[in-house]
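**Student:** Once you've had a glance at the structure underneath, I'll fire off some questions.
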Amino acid sequence: MKATLDPDTQHALELLLTTAQYDTEQGRVAASFLLSWWNDIDPPRFALTDVWVLNQELAQACAQLFSWLAVHHVPPDLLGFRVPFEALASAWRDRV
């Protein structure tokens, strides 16, 4: 069975991807969180305390995606997000 994102998780992922495009502290944390999922950072540098710099909406988006990932063990590539994650990795590689 192919995993698909439910609407709430899709919205959370899109919000995090959009936020990660901005060169801000919240953008850095969103990028770090997402790239830790993709496992493109060696070693991954996301710490749970990083969410302290996020506003409530972004923190809830992380929680939504994290909850979905606990059930569905799927990398973003298999959900059709390879290109946005490659762009994210390129933009943030040495800064997250």
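Going by UniProt numbering, the sequence shown opens with residue 1, and the numbers climb by one from there. For every residue, glycine included, the Cβ atom is placed at its ideal position computed from N, Cα and C.
With DSSP run on the structure shown, which of helix, strand or coil describes ALA89?
**Tutor:** Your numbering for residue 89 matches position 89 in the sequence shown. Reduced to three states, the DSSP call for ALA89 is helix.
**Student:** Would GLY59 and LEU16 be called neighbours here (beta carbons separated by less than 8 angstroms)?
**Tutor:** Reading the sequence shown from its first residue, position 59 is the one you call residue 59. Reading the sequence shown from its first residue, position 16 is the one you call residue 16. It should be pointed out that residue 59 corresponds to Ala in this sequence rather than to Gly. Cβ atoms of ALA59 and LEU16: not closer than 8 angstroms.
**Student:** DSSP three-state call for ALA31: helix, strand or coil?
**Tutor:** By 1-based counting over the sequence shown, the position of residue 31 is 31. Helix, per DSSP.
**Student:** Could you tell me which of SER36, HIS73, GLU57 sits nearest to PHE46, measuring between CA atoms?
**Tutor:** As a first step, residue 46 must be located in the sequence shown, where it is residue number 46. Residue SER36 is the option with its Cα nearest to PHE46.
**Student:** How would you write the range of the alpha helix (DSSP H) that TRP52 sits in, first residue to last?
**Tutor:** The sequence position of residue 52 within the sequence shown is 52, counting from 1. No alpha helix (DSSP H) holds TRP52; DSSP gives it neither H nor E.
**Student:** Please list, in chain order, all residues of the same chain as ASP8 whose beta carbon is under 8 angstroms from its beta carbon, the five residues on each side excluded.
**Tutor:** Indexing the sequence shown from 1 puts residue 8 at position 8. Counting only Cβ-Cβ distances below 8 angstroms, and skipping sequence neighbours, we find GLN64.
**Student:** Give me the residue from GLN26, TRP68, GLN56, THR24 with the minimum Cα distance to GLN10.
**Tutor:** Looking up residue 10 in the sequence shown gives position 10. Closest option to GLN10, Cα to Cα, is TRP68.
**Student:** Using a Cβ-Cβ cut-off of 6 angstroms (strictly less than) and excluding sequence neighbours within five positions of PRO84, which residues of its own chain qualify?
**Tutor:** Looking up residue 84 in the sequence shown gives position 84. Cβ neighbours of PRO84 beyond the five flanking positions: LEU17.
**Student:** Which word fits TRP52, buried or exposed, when buried means at least 16 other C-beta atoms lie within 10 angstroms of its C-beta?
**Tutor:** Within the sequence shown, numbered from 1, the residue matching residue 52 stands at position 52. Label assigned to TRP52: exposed.
**Student:** Expressed to the nearest angstrom, what Euclidean distance is found between the alpha-carbon atoms of THR24 and ASP6?
**Tutor:** Walking along the sequence shown from the start, residue 24 turns up at place 24. Walking along the sequence shown from the start, residue 6 turns up at place 6. So the alpha carbons of these two residues sit roughly 28 angstroms apart.
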